[in-house]
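Just so we're aligned, residue -12 is where the sequence shown starts under this note's numbering, counting upward by one.
The beta carbon of each residue, even a glycine, is placed where N, CA and C say it ideally should be.
Data block below; observations after.
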Amino acid sequence: MQLKTVIRVDWDDLDAYGHVNNLIILRYVQTSRIHLCEEVGLMKGSTRPAHAPILAATSCRYCKPLYYPGTVTVDSVVTEVKNTSFLISHSIYDSDANLIATAEDVLVYFDYESECKTPIPDDLRERLLRFCSTETK
-12 MQLKTVIRVD WDDLDAYGHV NNLIILRYVQ TSRIHLCEEV GLMKGSTRPA HAPILAATSC
48 RYCKPLYYPG TVTVDSVVTE VKNTSFLISH SIYDSDANLI ATAEDVLVYF DYESECKTPI
108 PDDLRERLLR FCSTETK
């Protein structure tokens, strides 16, 4: 299953060249990543759980400039679930469905009390696998 997150492009997202700043694209990816984590039950409001994902790496490939006004759609899918980590791939589109960028996140399931990675519990693994593309299951 793929998660779609639609975000409005705001005027203050623009840089001096009149297109959306590259760091804002990463903010859109972050919004979608958090949305996916909420959907699988990893984010529970403002409480700080003992075990939760932590971002270990993120990368982005910019394909085309994004302009104001409009919306951006971030399609996110889990591409791999390992023992202590999982990967999320994102495709970012403009209002006309043009591919703007692709991104990938590596999240590690983390024990915040002992400050080390910990195995992903089976129930969470099953919920994450619901967001895997059919090619990666």
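Bridge pairing for residue 45: 92 [DSSP].
Excluding the 5 residues flanking it on each side, residue 113 has no same chain C-beta neighbour closer than 7 Å. Excluding its 5 nearest sequence neighbours in each direction, residue 16 has C-beta neighbours in its own chain below 6 Å: 77, 90, listed in chain order.
Three or more pairs of CB atoms, one per stretch, sit closer than 8 Å, so the segment 1 to 12 contacts the segment 49 to 66. DSSP assignment within the segment 3 to 75 yields the following whole alpha helix (DSSP H) runs of 4 residues or more, N-terminal first: 9 to 26. Close CB contacts of residue 0 within its chain, under the 6 Å cut and outside five residues either way in sequence, are with 7, 11 (chain order). The beta carbon of residue 107 lies closer than 6 Å to those of 96 in the same chain, with the five residues before and after it left out.
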